[in-house]
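In our numbering, the protein residues as written are 1 to 292.
Glycine included, each C-beta is placed from N, C-alpha and C at the ideal position.
Following: one structure in structure tokens, then a few remarks.
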């Protein structure tokens, strides 16, 4: 194996100027240091690359062959360095972000960012799973309701509130619950977490002493919204996802005065890094300023 690009760079310079002294002067090395690096390179490749005597230096057949590849390698390394430098100084390239799939919560939040940075490509991964940011090459994530991982950086951006709702047709047919205990005689639509498998508790007074009916259980918000709109039961849902239905009268709130804690924190999280690309810094700064 070739030990370093440094030795290749020295060899290429010697091949170009045909002098250890001149190559050393150009590279800031002594002639003996240049000679040692060339010898080390020859030992690595297992062939003599230069014919040298007191008067001149010339390339061997192997040296000519190696030089063509060496020049290409150095050019590619230079291109890579320029590309990486460009990505840290200009907002170009790809971003990947994991987002909790809560309808209407984040769908329009990225419009300004996308318009301002059209040269950035973004992949949105809507999932409730707590993805491995490093292993999955994610630049950031928006997580709901969990304590941030200590191995990640995080920023609290707000809370999401939930409410208990039913359709007017359902309430007309089965009655409007007046107190928490009334829920025992109703059809309830529950949520089971995809991450933990636990059924979500409804934050109501004295709820722990009751065994609420589990008429329907599912792990998707959109499905629960459709079910409650169709009038099959009562559901506990994020307010932001059903605000339009509340405003239009398609859904009515239930037991508002008995809800004791219906807020869930939301965090922006991102991996630790010694240096972030400009596009990633712009994304993180934008997410930290989101208004919920």
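With distances taken between CB atoms, is the gap from residue 226 to residue 190 smaller than 9 angstroms?
no
Assuming residue 123 is part of the beta strand (DSSP E), what are its boundary residues?
Unbroken beta strand (DSSP E) run through residue 123: 120-126.
Let me check understanding here. Comparing Cα to Cα, which of 138, 223 and 92 lies closest to residue 119?
92
Over what stretch of residues does the beta strand (DSSP E) that includes residue 96 continue unbroken?
For residue 96, the enclosing beta strand (DSSP E) begins and ends at 93-99.
Using the beta-carbon count (16 or more within 10 Å), is residue 275 buried or exposed?
exposed
Quick one: grab the DSSP three-state call for residue 267.
strand
Should residue 102 go down as buried or exposed, given a rule of 16 or more other Cβ atoms within 10 Å for buried?
buried
Quick one: residues in its chain with C-beta nearer than 6 angstroms to the C-beta of residue 161, no 5 flanking neighbours on either side, listed in chain order?
So the list reads 239, 262 and 263, once near-sequence residues are dropped.
Indicate the three-state DSSP secondary structure (helix, strand or coil) for residue 262 in the structure shown.
It is coil, neither helix nor strand.
Suppose only complete runs of 3+ residues qualify. What are the beta strand (DSSP E) ranges in the region 224-248, listed by chain order?
234-238
Roughly how many angstroms lie between the CA atoms of residue 272 and residue 116, to the nearest whole one?
C-alpha separation (whole angstroms): 26 angstroms.
Leaving out the 5 sequence neighbours to the left and right, which residues in its chain are closer than 6 angstroms to residue 63 when beta-carbon positions are compared?
49 and 50
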